[in-house]
Structures are given as C-alpha cells and as structure tokens.
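J.: Supplied in structure tokens, the structure appears directly below.
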Amino acid sequence: MTQGRYPEVTGPAPGLRFGAGRLARFAKGVVWLLVVVLVAVSITFALSRIVPADPARLAAGLEAGPEQVERVRQDMGLDDPVMVQYVRYITGLVRGDFGDSIRTRGPILDDVVEALPASIELIVVSFTIFAALGILAGAAWAYWPRGVHAVLLRVVAVAGSAVPVFWVGLLLQIFLAARPDWFPLVARLDFPVAGNLNHEAAGIAEVTGAGLLDALIARSPSAMWEAARVLFLPVMTIVIHNIALTIALTRSSLADQLDREYVRAARARGLSEWRVVVVDALRNALNPVVTMLGLQLGWLLGGVVIVEVIFSWPGIGLYAFSSFQSFDYNAIMAITVLATAGFVLVNALVGQIYPLLDPRIKEAR
Amino acid sequence: MSLLAVEDLTVTYPGGRRPAVKGVSLEIESGRTLAVVGESGSGKTTLALALAGLLDRRARRHASRLEINGEDLLAAGRRRWRQLRRTDISFIFQSPINSWNPTRTMIAQVRDAMSAAGHAGRMPELMDLLARVGFEDPERRLADLPHQLSGGMLQRVSIAVAVIIEPALLIADEPTSALDSTVQSEILAILGELRSEADLAMLIISHDLSVVARVADDVMVLYGGKVVEQGARAAVLGSAVHPYTRGLLDSVPRLDGDRKILLPSMEPGHLPASGCPFAPRCRLVVDDCRRVEPDLIPINDTLAACPPAASSALITT
Numbered sequence: 153m154t155q156g157r158y159p160e161v162t163g164p165a166p167g168l169r170f171g172a173g174r175l176a177r178f179a180k181g182v183v184w185l186l187v188v189v190l191v192a193v194s195i196t197f198a199l200s201r202i203v204p205a206d207p208a209r210l211a212a213g214l215e216a217g218p219e220q221v222e223r224v225r226q227d228m229g230l231d232d233p234v235m236v237q238y239v240r241y242i243t244g245l246v247r248g249d250f251g252d253s254i255r256t257r258g259p260i261l262d263d264v265v266e267a268l269p270a271s272i273e274l275i276v277v278s279f280t281i282f283a284a285l286g287i288l289a290g291a292a293w294a295y296w297p298r299g300v301h302a303v304l305l306r307v308v309a310v311a312g313s314a315v316p317v318f319w320v321g322l323l324l325q326i327f328l329a330a331r332p333d334w335f336p337l338v339a340r341l342d343f344p345v346a347g348n349l350n351h352e353a354a355g356i357a358e359v360t361g362a363g364l365l366d367a368l369i370a371r372s373p374s375a376m377w378e379a380a381r382v383l384f385l386p387v388m389t390i391v392i393h394n395i396a397l398t399i400a401l402t403r404s405s406l407a408d409q410l411d412r413e414y415v416r417a418a419r420a421r422g423l424s425e426w427r428v429v430v431v432d433a434l435r436n437a438l439n440p441v442v443t444m445l446g447l448q449l450g451w452l453l454g455g456v457v458i459v460e461v462i463f464s465w466p467g468i469g470l471y472a473f474s475s476f477q478s479f480d481y482n483a484i485m486a487i488t489v490l491a492t493a494g495f496v497l498v499n500a501l502v503g504q505i506y507p508l509l510d511p512r513i514k515e516a517r
Numbered sequence: 116m117s118l119l120a121v122e123d124l125t126v127t128y129p130g131g132r133r134p135a136v137k138g139v140s141l142e143i144e145s146g147r148t149l150a151v152v153g154e155s156g157s158g159k160t161t162l163a164l165a166l167a168g169l170l171d172r173r174a175r176r177h178a179s180r181l182e183i184n185g186e187d188l189l190a191a192g193r194r195r196w197r198q199l200r201r202t203d204i205s206f207i208f209q210s211p212i213n214s215w216n217p218t219r220t221m222i223a224q225v226r227d228a229m230s231a232a233g234h235a236g237r238m239p240e241l242m243d244l245l246a247r248v249g250f251e252d253p254e255r256r257l258a259d260l261p262h263q264l265s266g267g268m269l270q271r272v273s274i275a276v277a278v279i280i281e282p283a284l285l286i287a288d289e290p291t292s293a294l295d296s297t298v299q300s301e302i303l304a305i306l307g308e309l310r311s312e313a314d315l316a317m318l319i320i321s322h323d324l325s326v327v328a329r330v331a332d333d334v335m336v337l338y339g340g341k342v343v344e345q346g347a348r349a350a351v352l353g354s355a356v357h358p359y360t361r362g363l364l365d366s367v368p369r370l371d372g373d374r375k376i377l378l379p380s381m382e383p384g385h386l387p388a389s390g391c392p393f394a395p396r397c398r399l400v401v402d403d404c405r406r407v408e409p410d411l412i413p414i415n416d417t418l419a420a421c422p423p424a425a426s427s428a429l430i431t432t
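So, in structure tokens, the structure goes:
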C-alpha cells in the first residue's frame with residue numbers, strides 16, 4: 153500500500169452505539185426469521201398436497217371401507233378447499249398447534265418435544281467435538297505444515313468428507329460394536345421413547361430426556377459412563393464426516409494470516425509465539441471458519457436423520473424418518489418448520505459472533 | 116568495537132535460483148547509521164530480517180561471523196533471537212498499516228509489546244514519548260483500531276515502541292516509503308533525533324537517495340543480493356564509481372530537467388547465473404564480467420565491485 157493517509161472512520165458517538173440501532177437490527181432479524189419460516193411452511197404445505205398419497209386412506213387403515221375413509225377425510229378437514237386448509241394450518245401454527253399425527257394419534261408437538269432432547273444432545277456433543285478438534289488440528293497443520301501429521305491430516309481431510317456418512321456409521325458398527333462389542337450397536341430398539349439411554353436400567357430420573365445431562369443431574373458416574381458409551385458411535389460418525397471441512401478451512405485461513413506482515417511485526421516486537429499465533433493470527437483466521445461452522449450446525453439439524461436411523465437414535469431424525477415412511481404429513485411439515493427455524497436462528501447467532509472476532513464489522517453496520 | 120559485525124552472510128530461499136543475499140559483510144558502530152540502498156529484489160529486506168532473526172523458517176542462512184554486542188549469534192536459537200528482539204534489537208517496518216493487527220486496538224497491541232519486552236510498567240513513559248513525537252492525545256487515540264489512525268500516526272507508534280526498550284540496534288526497513296512526503300520528513304526528523312539521543316546503531320533500508328542523504332553516515336549499495344559499492348555517505352553519493360550506483364544517482368529527478376543517461380530497465384528476477392549480477396544492464400561490461408564475480412576493491416574514495424570502473428577511474432581522474 154502506497155497510500156499515506158487512511159480515511160478516518162467515525163461511527164456514532166459511543167453512547168449511541170447501543171439502544172435504538174441495536175433494537176431495530178433485532179426487530180429486522182425477527183421479521184426476517186418469520187418470513188423465511190413462512191415461505192418454508194408454504195412450500196412444504198404445497199408439496200404435501202401435490203404428493204400422490206392419500207393421508208385419509210393411511211389414517212383410516214387398510215381394512216377401512218370407502219365410507220370410513222370419507223368420514224376420516226371429513227374429520228381431518230381434507231375435503232375443504234386447499235386455501236381454507238392452508239389458512240387453518242397457518243393459524244394453528246401461530247397458536248403452536250402442529251396438528252395431530254396419523255401414526256401416533258397424538259398432537260405432533262408432544263412427539264416433537266419428546267424426541268428433541270435426544271437430537272439436541274447428539275448434535276451439541278458432535279458439533280462441539282468436531283469444531284474444537286477441527287480448529288486445533290487445522291491450526292497445528294498451518295503452523296507446522298510439514299511432517300507425518302500433515303500427511304495424516306491430509307488423508308483425514310479428503311477421506312472424511314468423501315466417504316458417505318452411512319458408510320462411516322456402518323464401518324464403526326462393524327469394527328467397534330459388532331465384533332469387539334465395546335460399544336452398543338444401537339441406542340434403543342423400542343422406539344418411540346425419549347432419551348438415548350435406558351433411564352430405568354441406569355436407575356436415574358428422566359429430567360431433560362438427554363441421557364448425559366440426566367446422568368449428570370442424578371450425579372451417577374455409572375449412568376454417565378453408560379450414556380457416553382451409547383453416544384460414542386453416532387457422535388464419531390458425525391465427527392468423522394464433518395471434521396474434514398473444519399480442518400481444511402482453519403488450515404488455509406491461518407496459513408494466510410501467518411504470512412501477513414503484522415505477524416512478522418509482532419514477532420519483531422518480541423511477542424511469544426503463543427501470543428502471535430493464537431491471540432493475533434488464529435483469532436483473525438476464525439472468521440470464515442465460524443461462517444462455515446454455522447452452516448454445518450444448520451445442516452446438522454436436518455442431517456442427523458441418517459445417523460439417527462443407523463443407530464436407532466430416538467431423536468427428531470428417526471421420528472422424521474418414520475413419519476416419511478407412513479406419510480404422516482403433519483409431522484413432516486412440523487419437522488420442516490423446526491429445521492428451517494433452527495437453521496435461520498443458528499445463522500443469526502453466528503452473525504453475533506463476527507463483531508467479537510473483528511471489531512471493524514460492528515462499525516461497518 | 117563494532118556493535119554489529121557480519122561477515123560473508125548468505126541467505127537462500129528454497130526454489131530460488133540465486134541466493135537472495137550473497138556474501139554480505141558489514142559493521143556498524145554505536146551512534147552510527149548505515150543505509151542500505153538498492154532496488155526491489157536486491158535483497159535488502161532479506162538482509163534486514165536476517166539481522167533480527169526474523170527470516171522465514173524455510174530460508175537458509177550462512178555466515179562466517181554474526182555478532183551483536185560481541186555476542187556470537189551464529190548458533191543462536193529462536194528463543195535467543197526473541198530475547199534479543201525484546202532487549203537489544205528493534206525493527207520498524209515499511210508499511211505502518213500492515214505492522215499492526217487490524218482487528219485489535221492499538222493499546223492492546225502496544226501493551227502486548229511492552230509486557231513482552233518486560234516494560235509493562237513503563238506505559239506512562241511511552242505515552243510521554245508518543246506525545247513528544249507528535250502523537251496527540253495518545254491515551255484516547257490508542258483505543259482506536261489501526262485503520263482509524265493515519266499512516267504517519269501508526270508509524271510514530273511503531274517508532275516509539277521500538278525505541279522505548281533502548282535497543283542497541285535499530286533496523287528500519289523503508290520506514291517512510293509508505294508515507295506522504297511531508298509526513299516522511301517529520302518521521303525522518305524524529306528518527307534522527309531519537310537516534311542521536313540514544314547512541315544506538317541504526318541500519319536503515321531505503322531506495323530513496325534523499326532519505327539516505329539525510330540520515331546515513333555510511334552507505335552500502337546492494338544489487339542482486341551482492342554489495343556492489345560501499346563507503347562513507349559523501350563518497351558514495353558524491354563520487355561513486357560503480358555503474359549501478361552512478362545510474363541510481365543519475366535517476367534522481369532534478370528540477371533543471373537535465374537528466375543524464377538512465378539505467379536500462381530490466382525485469383526483476385532475471386539475474387545472470389554467473390558473473391557480475393549487473394552485467395546485463397552495464398555500460399562498462401567486458402567479457403570477464405560475465406565469467407567472474409567481482410570482489411570489492413578500493414576505487415577512489417569507496418569500495419566497489421567493478422574492475423572495469425577501476426581502470427576507467429584511472430583514465431578519467
């Protein structure tokens with residue numbers, strides 16, 4: 153840069169930075185979230201009416217005669233005009249009513265609330281592990297670009313994302329659960345129940361529905377060990393599949409930062425390598441990594457279906473899978489709404505992290 | 116005894132056809148300033164980095180002697196070099212905006228530097244020094260991010276942080292080339308003043324002969340990683356004999372518009388594999404120049420690596 157002077161950026165006075173502007177941004181975010189969810193709901197609703205399957209027929213059962221099917225159709229309101237059904241569905245949603253399930257005959261909301269903790273547990277544990285390990289491995293690779301670990305990481309980075317997730321799951325089941333039975337093959341077979349751990353067998357109360365958390369609340373080390381064992385294989389599957397991107401992006405981003413002049417200047421001022429590499433360079437390098445992790449977390453909300461099916465994990469993914477099989481359209485729509493809202497929410501939260509990493513962003517907005 | 120003594124320093128980067136710095140020897144005494152002059156790619160920045168232990172890890176450095184304050188640093192490890200940079204060697208970089216982490220406030224980075232050097236308690240002193248070098252209202256302005264300050268302001272912070280540790284050796288790599296000419300002048304004045312107060316040895320790198328004329332005691336001209344001419348400032352700027360130095364001097368724009376013959380331009384990086392690196396652009400070139408790498412020999416008042424210049428100097432004087 154040959155420029156001599158740099159433009160002075162004068163933001164609003166310090167006192168004005170919070171308050172009105174922040175509130176307006178927040179309101180804008182909420183409106184945006186609602187619009188995205190409404191669009192997703194509308195598309196799913198339209199699709200559910202186009203698909204050539206008859207929910208009334210499925211709900212009435214295979215032995216039901218035509219009159220019975222017709223009665224069920226009227227009960228479910230499926231003979232009303234599509235627009236009426238649409239408005240009824242949306243007003244229901246606003247009241248928190250997702251409709252009833254054809255399969256379990258109960259309100260969808262109850263089923264979802266029961267299945268959600270197990271999925272959240274699986275996603276949170278997997279995400280934390282692959283984000284932390286991925287950043288660590290990627291940073292080490294950028295700092296020490298040559299060596300045995302670099303070759304290993306290259307293999308992991310390519311293989312991890314290239315191999316399909318169901319294949320990883322099956323291999324883990326064969327080599328860690330089937331032959332040496334170190335880990336349970338599947339979480340539980342008697343679906344649908346909440347939790348990924350047999351609470352009764354472990355002798356702990358079901359508080360949250362997430363096994364690890366309940367064991368922690370019950371202060372039972374043996375139950376925690378059991379919950380961890382149950383979690384291990386599905387978590388490994390998700391980690392192996394997702395960690396590659398984190399490693400690769402952290403590596404290239406940090407390598408780019410380490411080549412910058414400010415890194416050399418910090419070293420010239422006698423700063424320790426820890427300060428230079430972690431406090432200065434890695435923090436700057438994390439910006440794109442955070443973007444990608446946010447997207448990955450969003451994808452996981454919908455992407456756990458396969459993993460939950462492989463390991464019979466009694467979460468929202470397995471619930472979705474069973475609902476697809478029986479064309480339980482209310483359940484499918486509810487899951488779509490949840491996944492969409494979750495995705496938008498996660499990305500909104502990620503947007504709050506950027507200014508912490510790079511204060512110039514706060515100013516630019 | 117010289118504060119900095121270097122003999123036969125050679126630095127090679129992997130994949131480089133020629134060493135970036137080849138067989139450079141130099142000495143600087145306390146209180147004196149050596150200016151290293153040369154165009155981009157002449158190896159002057161590599162030389163400066165090598166003297167502060169800041170070379171890229173892949174670079175290979177060889178020397179027969181490398182001493183600072185009488186301490187032999189040929190075998191010094193990274194830890195020792197870092198310690199030296201905290202206490203004895205300071206470095207000022209060319210681009211002030213790139214010398215600071217863009218995402219952290221100046222005060223946080225200045226504090227980091229001060230505590231690394233073991234001077235965490237001397238922040239008030241630094242504030243005074245900043246005010247003295249024309250950085251107004253340091254307590255408030257340092258809370259800003261680097262891009263909120265001007266290049267001249269940032270370079271003042273770099274200089275203050277560099278000199279407050281009272282280094283024995285101050286290396287400044289083109290400290291003013293990224294600045295406006297008025298700011299350039301102020302920065303040079305500050306550097307000169309602080310240097311004469313502190314009695315430190317200074318190595319200043321520049322391609323700008325007007326800068327050299329203002330601050331240097333001695334001048335060394337690099338071309339293609341080799342020293343082609345060196346001597347006292349007056350001798351090199353006044354009666355240089357090497358055709359490259361002459362070319363540099365003749366390239367300085369003059370108000371009277373009377374330009375002499377300009378150096379034939381050349382794409383950087385296309386240096387000959389053997390012989391004198393300047394041979395392809397030289398007006399005095401003879402066959403021997405392409406075969407033998409010339410050594411520095413005394414010609415008139417300077418040392419120059421140019422045997423043909425020696426013979427023509429005899430004729431012209």
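Residue numbers (my numbering), protein chains in the order written: chain A, 153 to 517; chain B, 116 to 432.
In this text, a Cβ means the ideal position worked out from N, Cα and C, and glycines have one as well.
Remember, predicted model here, so these are calculated numbers, not experimental data.
1) Could you say if the segment 386-402 of chain A and the segment 286-300 of chain A meet the contact criterion of at least three C-beta pairs nearer than 8 Å?
2) Should Phe114(A) go down as buried or exposed, given a rule of 16 or more other Cβ atoms within 10 Å for buried?
3) Over the uninterrupted beta strand (DSSP E) stretch that includes Val367(B), give me the two end residues.
4) Ignore the nearest five residues each way along the sequence and tell me which others in Ile414(B)'s own chain have a CB closer than 7 Å to its CB.
5) Within 10 angstroms of the Cβ of Asp263(A), are there 16 or more other Cβ atoms? Answer buried if so, exposed if not.
6) Counting beta carbon pairs with one atom in the segment 492-500 of chain A and one in the segment 419-437 of chain A, are three or more of them shorter than 8 Å?
7) By a C-beta neighbour count over all protein chains shown, 10 Å radius and 16 as the cutoff for buried, is Val235(A) buried or exposed?
8) Shortest alpha-carbon distance to Lys341(B) belongs to which of Ala167(B), Ser300(B), Ala135(B) and Tyr128(B)?
9) Hey, Phe208(B) and Asp288(B): beta-carbon distance below 8 Å or not?
10) Against chain B, does Tyr414(A) count as a neighbour if the rule is that its beta carbon must be under 8 Å from one of theirs?
11) Quick check on His177(B): does DSSP put it in helix, strand or coil?
12) I need the DSSP call for Val342(B), collapsed to helix, strand or coil.
13) What is the residue span of the alpha helix (DSSP H) that Met242(B) lies within?
14) Could you give the C-beta distance for Ala283(A) and Leu445(A), rounded to a whole number, given that I count them as a contact under 8 Å?
15) Taking 8 Å as the threshold (C-beta atoms), are Leu385(A) and Phe463(A) in contact?
16) In the DSSP assignment, find the beta strand (DSSP E) that holds Phe250(B) and state where it starts and stops.
17) Closest to Glu413(A) by CA distance: which of Ala396(A), Ala433(A), Leu397(A) and Glu378(A) is it?
18) At the level of alpha carbons, what is the spacing between Gly362(B) and Ala223(B)?
19) What are the boundary residues of the beta strand (DSSP E) that includes Phe206(B)?
20) When the distance is taken between beta carbons, is Leu294(B) closer than 8 Å to Val326(B)?
21) For the segment 155-171 of chain B and the segment 498-512 of chain A, state whether three or more C-beta atom pairs, one from each stretch, are separated by less than 8 Å.
22) Terminal residues of the continuous beta strand (DSSP E) containing Gly138(B)?
23) Is the shortest distance between the beta-carbon of Asp403(B) and the beta-carbons of chain A less than 8 Å?
24) At which residues does the beta strand (DSSP E) containing Ser321(B) begin and terminate?
25) For Val498(A), decide whether its Cβ has a neighbour in chain B, counting only Cβ atoms nearer than 8 Å.
26) In angstroms, rounded to a whole number, what distance separates the CA positions of Ser372(A) and Ile242(A)?
27) In chain order, what residues of the segment 205-219 of chain B put their CB closer than 8 Å to some CB of chain A?
28) If I follow the unbroken beta strand (DSSP E) through Phe287(B), where does it start and stop?
29) Ala231(B) CB to nearest chain A CB: under 8 Å?
30) Can you pull the chain A neighbours of Asp227(B), defined as C-beta to C-beta under 7 Å?
31) Compute the Euclidean distance between the alpha carbons of Arg132(B) and Ser278(A), then round it to the nearest angstrom.
32) Could you pull the start and end residues of the beta strand (DSSP E) that Glu122(B) belongs to?
33) How far does the alpha helix (DSSP H) with Ile462(A) in it extend, from its first residue to its last?
34) Less than 8 Å between the beta carbons of Val330(B) and Ala150(B), yes or no?
35) Please decide whether Leu509(A) counts as near chain B, where near means a Cβ-Cβ distance under 8 Å.
36) Where DSSP assigns a beta bridge to Ala419(B), which residues make up the other side?
T.: Taking the geometry as given:
1) yes
2) Absent from the model: residue 114(A). The displayed extent of chain A is 153 to 517, so no value can be given.
3) Here residue 367(B) corresponds to residue number 252 of the second sequence, with the count starting at 1. First-last for Val367(B): undefined, no H or E at that position.
4) On the second sequence, residue 414(B) is found 299 positions in, with the first residue counted as 1. The answer, listed in chain order, is Val356, Ala424, Ala425 and Ala428.
5) Within the first sequence, the letter at position 111 stands for residue 263(A). Asp263(A) is buried by the Cβ-count criterion.
6) no
7) Counted from its first residue, the first sequence places residue 235(A) at position 83. Rather than Val, the amino acid found at residue 235(A) in this sequence is Met. Label assigned to Met235(A): exposed.
8) The sequence position of residue 341(B) within the second sequence is 226, counting from 1. For the residues Ala167(B), Ser300(B), Ala135(B) and Tyr128(B), the minimum Cα distance to Lys341(B) belongs to Ala135(B).
9) Your numbering for residue 208(B) matches position 93 in the second sequence. Your numbering for residue 288(B) matches position 173 in the second sequence. Yes; because the gap between Cβ atoms is below 8 Å, this pair is in contact.
10) Working through the first sequence from its first residue, we reach residue 414(A) at position 262. Yes, its Cβ sits closer than 8 Å to a Cβ of chain B.
11) Working through the second sequence from its first residue, we reach residue 177(B) at position 62. Reduced to three states, the DSSP call for His177(B) is strand.
12) The residue you call residue 342(B) lines up with position 227 of the second sequence. Of the three classes helix, strand and coil, the one that applies to Val342(B) here is strand, per DSSP.
13) In the second sequence, the residue the question calls residue 242(B) occupies position 127. It spans Met238 to Arg247 - the alpha helix (DSSP H) in which Met242(B) sits, taken as one unbroken run.
14) Indexing the first sequence from 1 puts residue 283(A) at position 131. Indexing the first sequence from 1 puts residue 445(A) at position 293. Their Cβ separation, rounded to whole angstroms, is 5 Å, which keeps Ala283(A) and Leu445(A) in contact under 8 Å.
15) As a working mapping, residue 463(A) is identified with position 311 in the first sequence. As a working mapping, residue 385(A) is identified with position 233 in the first sequence. Yes. Within cutoff.
16) In the second sequence, counting from the first residue as 1, residue 250(B) sits at position 135. Taken as a continuous stretch (DSSP letters only), Phe250(B) belongs to no beta strand (DSSP E), as it is neither H nor E.
17) Walking along the first sequence from the start, residue 413(A) turns up at place 261. Of the candidates Ala396(A), Ala433(A), Leu397(A) and Glu378(A), the one whose C-alpha sits nearest the C-alpha of Glu413(A) is Ala433(A).
18) Residue mapping note: residue 362(B) aligns to position 247 of the second sequence, counting from 1. Residue mapping note: residue 223(B) aligns to position 108 of the second sequence, counting from 1. Taking the straight line from one Cα to the other gives about 46 Å.
19) Here residue 206(B) corresponds to residue number 91 of the second sequence, with the count starting at 1. Per DSSP, Phe206(B) belongs to the beta strand (DSSP E) from Ile204 to Ile207.
20) Taking the second sequence and counting its residues from 1, one reaches residue 326(B) at position 211. Taking the second sequence and counting its residues from 1, one reaches residue 294(B) at position 179. For Val326(B) and Leu294(B), no; Cβs fall outside 8 Å.
21) no
22) Within the second sequence, numbered from 1, the residue matching residue 138(B) stands at position 23. Its beta strand (DSSP E) spans residues Val136 to Ile143.
23) Residue numbering aside, residue 403(B) sits at position 288 when the second sequence is read from its first letter. So, not an interface residue.
24) Counting from 1 along the second sequence, the entry for residue 321(B) is found at position 206. Taken as a continuous stretch (DSSP letters only), the beta strand (DSSP E) holding Ser321(B) covers Ala316 to Ser321.
25) For this step, residue 498(A) is matched to residue 346 along the first sequence. Taking Cβ atoms only, chain B never reaches closer than 8 Å to Val498(A), which makes this a no.
26) One-based indexing of the first sequence puts residue 372(A) at position 220. One-based indexing of the first sequence puts residue 242(A) at position 90. For Ser372(A) and Ile242(A), the distance between alpha carbons rounds to 44 Å.
27) Ser205, Phe206, Phe208, Ser210, Ile212, Asn213, Ser214, Trp215, Asn216, Pro217, Thr218 and Arg219
28) Walking along the second sequence from the start, residue 287(B) turns up at place 172. One point to set straight first is that residue 287(B) is Ala, not Phe, in the sequence displayed. From DSSP, the beta strand (DSSP E) with Ala287(B) extends over Leu284 to Asp288.
29) Sequence index remark: in the second sequence, residue 231(B) carries index 116 (1-based). Closer than 8 Å to some Cβ of chain A, the Cβ of Ala231(B) qualifies, so yes.
30) Counted from its first residue, the second sequence places residue 227(B) at position 112. Going along chain A in sequence order, the residues near Asp227(B) (Cβ under 7 Å) are Leu423 and Arg427.
31) Against the second sequence, residue 132(B) aligns to sequence position 17. Against the first sequence, residue 278(A) aligns to sequence position 126. Spanning the two alpha carbons is a distance of roughly 49 Å.
32) As a working note, residue 122(B) is residue 7 in the second sequence. It spans Leu119 to Thr127 - the beta strand (DSSP E) in which Glu122(B) sits, taken as one unbroken run.
33) Counted from its first residue, the first sequence places residue 462(A) at position 310. That run of the alpha helix (DSSP H) goes Arg435 to Ile462.
34) Residue numbering aside, residue 330(B) sits at position 215 when the second sequence is read from its first letter. Residue numbering aside, residue 150(B) sits at position 35 when the second sequence is read from its first letter. Yes, Cβ-Cβ distance for Val330(B) and Ala150(B) is below 8 Å.
35) Along the first sequence, read from residue 1 onward, the residue named residue 509(A) stands at position 357. At least one chain B Cβ lies under 8 Å of Leu509(A).
36) Locating residue 419(B) in the second sequence gives position 304, where the first residue counts as 1. Partner(s): Glu344(B) and Ile412(B).
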